[in-house]
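All residue numbers for the sequence shown refer to my numbering, where the first residue is 43 and numbers rise by one.
Okay, so here's the structure we're looking at.
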Amino acid sequence: MRTNLESDSILTATVGIASPVLGVITSFQEQIEWTLRVASLIVGLMVGAISLITMVKKMRGK
């Protein structure tokens, strides 16, 4: 019987921890989305710049 109590306590603790975390994520959703968009833009610009540099180096080599 004690194992049921322990598993119930673990489940209750997990739900108790997950609820506030989901609340924080929900409240900061707009900021998280903005950060991800800016980060993806920066990565895209870096890939484009590296591709351009590589193309210029290949054209100069010919």
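Note that beta-carbon positions come from the ideal geometry of N, C-alpha and C, so glycine has one too.
In this text the structure is predicted, and so the values were computed from the model without any measurement.
Handout entry: Spatial neighbours of GLN73 in its chain, beta-carbon cut-off 7 Å, leaving aside the 5 residues before and after
Key = none
Practice task
Express the C-alpha separation of TRP76 and SER69 in angstroms, rounding to a whole number.
Solution key: 13 Å
Practice task
Return helix, strand or coil for MET43, following the three-state DSSP convention.
Solution key: In this prediction, MET43 has a pLDDT of 49, which is less than 50 and means its spatial position is unreliable; nothing more can be read from the coordinates.
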